[in-house]
Amino acid sequence: MSFAKSFAKSSTKPRDVQTAYIAAETIAMRSRSWNRLRFEVEYGLEKGTTANSFLIQGNLQALIDPPGETFTEIYLRELMLRTNILDISYVILGHVNQNRIETLKALLAKNDRLTFICTNPGAIALRQGLGENIKIQTVRGEETLDLGKGHTLKFIPTSTPRHPDALCTYDPKAQILYTDKLFAAHLCGDQIFDEGWSQLLSDRRYYFDSTMVNQVRQVEAALDKLADIPASFYAPAHGPMLRYGLNELVKLYRQWCDNQKQQNISVALLFASAYGNTTTLANAIAKGITKAGVAVELINCENAEPEEIKAAIEKSSGFLIGSPTLGGHLPTQVQTALGIVLSTASKSYQTGVFGSYGWSGEAVDIIAGKLKDAGYILAFEPIRVKFTPTEATLQLCEETGTDFAQNLKRLKKVRTTLNPGSTVEQAVGRIIGSMSVLTVKRGEISTAMLASWVSQASFNPPGLTISVAKDRAVESYLYEGDRFVLNILEQGKQLHKYFMKKYAPGEDRFQDVKIESTEGGLILTDCLAYLECQVAQRMECGDHWLIYATAQNGKVLKTNSLTEIHHRKTASNY
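Counting along the sequence shown from 1, when you hit position 469 you're at 626 in this note's numbering, and nothing is skipped either side.
Here is the structure:
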């Protein structure tokens with residue numbers, strides 16, 4: 158356990174606030190939920206989350222990043238135990254979103270003298286949510302604020318397409334860097350700091366892949382700004398604070414950014430969003446694209462310059478456009494971006510359109526119509542989502558992104574192996590494995606994968622390894638703690654052929670097979686045997702993930718039959 162002195166005892170209730178001193182005159186207030194709060198890709202591991210807020214008590218008091226409306230009531234109750242809200246002078250916002258507005262309204266109701274500190278995009282969002290009469294101090298560069306007692310805060314804008322208003326804050330007395338979305342992770346627990354940091358890396362990596370990998374140029378710019386700040390630890394908006402694994406995670410962020418930049422195919426993903434729903438769709442599609450080994454340049458049209466949009470299109474091999482519908486029309490920024498696309502992108506580019514709407518939804522049809530009229534061929538049917546996307550919708554978007562990327566790779570004739578005819582690949586191809594079908598079920602989502610790279614890995618507990626390509630839809634449901642069913646197929650039967658075909662995004666994989674539902678997956682009742690498994694470890698291996706899982710339950714359904722074996726001539730394909 159860290160040195161932090163905890164005020165509040167750990168709770169197993171669905172929501173509470175964990176409060177602790179983390180430095181002189183500095184209190185962390187971690188609003189915790191063990192349940193998944195929102196249907197967004199970044200919450201996909203379903204490990205809950207913490208919304209981290211901080212109170213600095215100098216001669217003047219400042220509150221950093223109050224949580225969203227899910228926690229408003231319990232957060233204010235806890236805050237009033239720690240200070241008189243009337244004594245708070247400033248509220249510093251690492252970013253502004255609609256979810257946070259309700260908590261800010263509640264704070265203003267108790268103290269209308271509050272001054273909000275944020276970047277200019279954040280100020281625009283604040284005035285839209287709270288009115289024109291609120292007090293805002295806008296950060297336009299690296300500015301400072303003296304709270305007294307040595308707490309002279311330094312502000313560092315770190316804008317990204319997803320969070321154009323992003324702002325980091327450094328307190329030199331406490332040597333704490335408040336990083337907001339950078340270095341965060343969605344998981345809920347009692348840990349305030351990152352003791353055992355290596356065990357948290359899969360959660361950090363998942364968060365990076367969900368929120369940062371599609372904007373690595375801006376992430377690297379932010380890392381450069383933060384590189385020389387002598388912080389003892391980082392305090393992100395979600396998850397444990399970084400002390401023990403800080404240097405390693407910063408290095409990994411740069412490594413993950415480099416990996417993305419080395420992809421030889423890229424997609425320009427242009428979008429605007431009125432209430433965040435189109436942004437959610439964009440991130441789900443982007444995650445699917447990056448899973449397939451294709452880079453994404455995420456462009457928020459509301460903040461991008463025309464030259465930036467043009468440059469992204471020119472270096473890409475395809476583009477996607479997402480838009481909300483405002484009064485039956487496209488937002489002006491999307492209209493401008495569309496004009497740049499039509500004058501810049503080759504007609505041979507792969508393209509697609511998506512968007513969310515409240516009442517009508519004409520924007521998606523307008524964009525699709527203009528692209529078709531200009532001679533572009535849409536790679537998929539336009540995705541139109543009313544109000545907030547569901548978990549099934551996000552899975553559809555992710556699979557659509559993966560298909561889009563795979564089509565680009567086929568058109569570019571990208572080779573997945575160095576030399577398919579080499580003696581080495583021929584020899585590796587002689588390694589055989591049992592033919593199986595891995596199935597997963599999560600709420601309304603069910604998916605499957607034909608697997609032959611399967612091997613027993615341990616006696617006690619009975620364990621096995623499965624190699625899963627990064628671009629498989631099922632990959633998103635194979636993190637530590639996740640459950641699945643491995644269905645081992647019977648020799649001489651044709652069940653494997655059903656799962657060999659290419660499925661469209663969102664298509665039901667089990668429409669014509671007999672199944673039984675179990676915890677975490679589906680049993681194919683015509684298989685030879687099945688194992689109900691739980692993921693214990695996960696290791697990155699080139700273009701695949703190696704999954705080690707323990708068998709929790711299982712049964713042989715056909716005792717007099719043999720296992721189907723997969724024979725290959727070369728290691729260049731399955």
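Idealized CB from N, CA, C, for every residue including glycine. From a predicted model like this one, the values you see are computed outputs, not experimental measurements.
Within its chain, find whatever has a CB closer than 6 Å to the CB of residue i; leave out the 5 residues flanking it on each side and keep chain order.
i    : result
M592 : S609, L646, H653, E721, H723
V510 : I478, V521, I524, A525, P539
M158 : Low per-residue confidence applies at M158: pLDDT is 31, beneath 50, and the placement is therefore not dependable enough to give any value.
L719 : Q648
Q417 : V370, V373, A452
E519 : T482, G485
T437 : E197, P546
G286 : I258
Sorted by chain position, which residues of the same chain lie with C-beta nearer than 7 Å to residue i's C-beta, five sequence neighbours on each side aside?
i    : result
I680 : V642, N644, I672, E673, Y687
T682 : K671, I672, E673
K569 : I422, S474
K712 : A686, Y687
L595 : A605, M606, A608, I623, V631, F641, L643
K715 : E647, L685
Decide if residue i is buried, meaning its Cβ has at least 16 other Cβ atoms within 10 Å, or exposed.
i    : result
L399 : buried
N717 : exposed
K529 : exposed
Y731 : exposed
N404 : exposed
V498 : buried
S168 : Its pLDDT being 41, under 50, S168 is placed unreliably in this model, and the value from its coordinates should be taken loosely. When all chains shown are included, S168 counts as exposed.
P397 : buried
M657 : exposed
S505 : exposed
L427 : buried
V174 : buried
G288 : exposed
V296 : buried
Opposite residue i in the DSSP bridges: which residues?
i    : result
A706 : L621, V692
V373 : Bridge partners of V373: none, in fact.
R541 : G512
Y327 : K311, L334
R172 : S190
G475 : V424, Q507
C275 : T295
L220 : L212, V248
E697 : W702
Q613 : L621
Considering only the beta carbon of each residue, do residue i and residue j sit closer than 9 Å?
i    : j    : result
P223 : R257 : yes
E636 : R695 : A quick correction: the sequence has Tyr, not Glu, at residue 636. Taking 9 Å as the Cβ cut-off, Y636 and R695 qualify as a contacting pair.
S729 : G590 : no
I456 : A494 : yes
L344 : D360 : yes
E454 : N371 : yes
W354 : L406 : yes
F340 : G445 : no
Y232 : S190 : no
C690 : T707 : yes
G307 : K330 : yes
Q255 : G433 : yes
G512 : V542 : yes
P321 : N440 : no
G305 : N216 : yes
L302 : I274 : yes
P387 : A342 : no
T368 : R319 : yes
Excluding the five sequence neighbours on either side, which residues of its own chain have a C-beta within less than 8 Å of the C-beta of residue i, listed in chain order?
i    : result
R284 : I291, I293
T240 : L212, Q214, Q218
T326 : I221, I249, G251, L310, K311, F312, I313, L334, Y335
Q583 : K726, T727, A728
L553 : I540, P662, G663
(request) Indicate whether the contact test is met: 3 or more Cβ pairs, each with one atom in the segment 652 to 667 and one in the segment 692 to 704, closer than 8 Å. (result) no
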